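These notes are about the structure you will find just below.
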Amino acid sequence: NAGVTQTPKFQVLKTGQSMTLQCAQDMNHEYMSWYRQDPGMGLRLIHYSVGAGITDQGEVPNGYNVSRSTTEDFPLRLLSAAPSQTSVYFCASYTPGEAYGYTFGSGTRLTVV
Amino acid sequence: GDSVTQMEGPVTLSEEAFLTINCTYTATGYPSLFWYVQYPGEGLQLLLKATKADDKGSNKGFEATYRKETTSFHLEKGSVQVSDSAVYFCALSELSDKLIFGTGTRLQVFP
Numbered sequence: 735n736a737g738v739t740q741t742p743k744f745q746v747l748k749t750g751q752s753m754t755l756q757c758a759q760d761m762n763h764e765y766m767s768w769y770r771q772d773p774g775m776g777l778r779l780i781h782y783s784v785g786a787g788i789t790d791q792g793e794v795p796n797g798y799n800v801s802r803s804t805t806e807d808f809p810l811r812l813l814s815a816a817p818s819q820t821s822v823y824f825c826a827s828y829t830p831g832e833a834y835g836y837t838f839g840s841g842t843r844l845t846v847v
Numbered sequence: 028g029d030s031v032t033q034m035e036g037p038v039t040l041s042e043e044a045f046l047t048i049n050c051t052y053t054a055t056g057y058p059s060l061f062w063y064v065q066y067p068g069e070g071l072q073l074l075l076k077a078t079k080a081d082d083k084g085s086n087k088g089f090e091a092t093y094r095k096e097t098t099s100f101h102l103e104k105g106s107v108q109v110s111d112s113a114v115y116f117c118a119l120s121e122l123s124d125k126l127i128f129g130t131g132t133r134l135q136v137f138p
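Same order as they appear, the protein sequences are chains L and V. Numbering-wise (this note's numbering), the first sequence opens with residue 735 and increments by one. Numbering-wise (this note's numbering), the second sequence opens with residue 28 and increments by one.
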């Protein structure tokens, strides 16, 4: 199993550009989430989904959009990149009842200049 | 809302020393509690978990006990190794739909 796959691993954007961070999982997990990791802030939840067609906002949703058209994919869209969105982004997936908790991707390091 | 507070790092230890990383939480209900570990350049991996009061999670020599009376879930290891150097995150989940993380504690172990 590949687990949770995030692409790209690194990205540099100019202020105002848009882009989509991809996240795919092959474990048939119901729940998927996006987090951003910043120094001294831990991981903060951006958006999450409890199933295809269902999404909700987390702690820091502004400037980001998500959709969940399939169980496998949960892309994160930056509408108009800002330097404050420079961060490392992690996608995670989970199915209730699984013993080993959330499975995380290896992250996307995004720099906005 | 729910929150997790961890001790600030870095925690610097010599090999074979005893480790404690403190974690306390605030929750409205009865959350599950987790410790995740992040090695340099990698994503997060589940280290251990506990789902109810007085449960003890353990893995790779690490232990943590769910203390409802003190709302704590402190991580301990009796003898750390250089390979344990990483960032450790305490987290909680009330309804399994999302995790709430602490800010992380960096552990540095020297030979």
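For glycine and all other residues, C-beta sits at the position ideal for the given N, C-alpha and C. All figures in this text were calculated on a predicted structure; none of them were measured in a lab.
{"Query": "Stretch pair the stretch 92–99 of chain V + the stretch 116–132 of chain V: three plus CB contacts closer than 8 Å", "Result": "no"}
{"Query": "Of the listed residues L:740, L:744, L:742, L:749, nearest to residue 813 of chain L (C-alpha basis)", "Result": "L:749"}
{"Query": "Contact set between the stretch 55–74 of chain V and chain L, restricted to residues whose Cβ is under 7 Å from the partner", "Result": "61, 69, 70, 71, 73"}
{"Query": "C-alpha distance - residue 74 of chain V paired with residue 130 of chain V, whole-angstrom precision", "Result": "16 Å"}
{"Query": "DSSP-derived helix/strand/coil call for residue 738 of chain L", "Result": "strand"}
{"Query": "Pick from L:806, L:830, L:845 that is closest to residue 59 of chain V, judged by C-alpha positions", "Result": "L:830"}
{"Query": "Range of the contiguous beta strand (DSSP E) that encloses residue 53 of chain V", "Result": "50–53"}
{"Query": "Residues of the stretch 117–135 of chain V with Cβ closer than 7 Å to any Cβ of chain B, in chain order", "Result": "The structure shown contains no chain B; its protein chains are L and V."}
{"Query": "With 16 other Cβ atoms within 10 Å as the buried cut-off, status of residue 39 of chain V", "Result": "exposed"}
{"Query": "Backbone secondary structure at residue 110 of chain V - three-state DSSP", "Result": "helix"}
{"Query": "Where residue 818 of chain L sits in the DSSP three-state scheme", "Result": "helix"}
{"Query": "Where residue 784 of chain L meets chain V, residues with beta-carbon distance less than 7 Å", "Result": "124"}
{"Query": "Reference residue 846 of chain L; option with closest CA among L:800, L:786, L:824, L:818", "Result": "L:818"}
{"Query": "Supposed close pair residue 765 of chain L, residue 827 of chain L - CB separation, criterion 8 Å", "Result": "6 Å"}
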